[in-house]
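Residue numbers (my numbering): 763 to 929.
Glycine is no exception: its CB is placed at the ideal position from the N, C-alpha and C atoms.
Below: one structure, written as structure tokens.
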Amino acid sequence: MNTIDFIKSSIETSRNMTMGLIMDLKDEPLAQPTVKGGNHALWILGHIAYSESSLLHGMIQGKETCPLEHLKENFAFKTQPSTDASVYPSFDSLIKDYESARAETLAYLDTLSDADLDQPALGCPEEWKEFFGTVGQCFSMISMHPTMHYGQLADTRKALGRELLMA
763 MNTIDFIKSS
773 IETSRNMTMG
783 LIMDLKDEPL
793 AQPTVKGGNH
803 ALWILGHIAY
813 SESSLLHGMI
823 QGKETCPLEH
833 LKENFAFKTQ
843 PSTDASVYPS
853 FDSLIKDYES
863 ARAETLAYLD
873 TLSDADLDQP
883 ALGCPEEWKE
893 FFGTVGQCFS
903 MISMHPTMHY
913 GQLADTRKAL
923 GRELLMA
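Quick look at the structure:
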């Protein structure tokens with residue numbers, strides 16, 4: 763297995779695990795993991811969609827905007843989840859946005875060689891170079907990011923009294 767195939771496998775595994783829990787929470791998308799709030803499934807879905815698109819287009823390719831720019835206000839880094847459903851797009855539209863971002867990610871990966879992963883990420887600010895300085899580091903984050911929110915989804919399910927789900 764080459765590095766590109768390893769990255770593809772990793773991002774699909776993290777997607778499948780995380781989306782399994784997100785889909786299980788479709789009937790309670792605004793339920794929060796603790797009595798003090800936290801990231802709910804709808805926010806996590808929009809956040810991972812926007813983040814992936816932003817990493818690919820902004821950080822890796824150095825573009826000013828990404829195709830999911832309409833999600834930035836509610837889902838970018840440092841935004842806070844709201845339990846007001848009216849401020850969000852629908853669950854189904856966020857699924858489509860995430861699938862679109864993922865398709866673009868996989869298509870872009872198909873254009874790369876293993877050597878390309880060592881190239882600098884064109885849109886990476888100096889203060890983020892430790893984490894996102896190369897194309898490979900950006901793809902590493904794309905693969906890990908959904909699983910960073912997996913525990914929040916598992917806690918939300920537990921708060922709702924749901925049985926263990928091996929997604």
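Can you tell me whether DSSP reads residue i as helix, strand or coil?
i: G799; result: strand
i: P882; result: strand
i: T896; result: strand
i: L787; result: coil
i: G923; result: coil
i: N764; result: coil
i: K770; result: helix
i: P908; result: helix
i: A793; result: coil
i: Q914; result: helix
i: K891; result: helix
i: M903; result: helix
i: G824; result: coil
i: M928; result: coil
i: S776; result: helix
i: D804; result: For the record, residue 804 in the displayed sequence is Leu; it is not Asp. Helix, per DSSP.
From what residue to what residue does the alpha helix (DSSP H) around residue i run?
i: Y870; result: 853–871
i: N848; result: The sequence given here places Ser at residue 848; Asn does not occur at that position. Premise fails: S848 is in no alpha helix (DSSP H) and is neither H nor E.
i: N836; result: 834–837
My understanding is that residue i touches residue j, with C-beta atoms under 8 Å, so please give their C-beta distance in whole angstroms.
i: Y912; j: T796; result: Actually they do not touch by this definition, with Cβ atoms about 16 Å apart.
i: P882; j: G895; result: 6 Å
i: M785; j: C886; result: Not confirmed; about 32 Å, so no contact.
i: P843; j: H802; result: 5 Å
i: I806; j: L915; result: 6 Å
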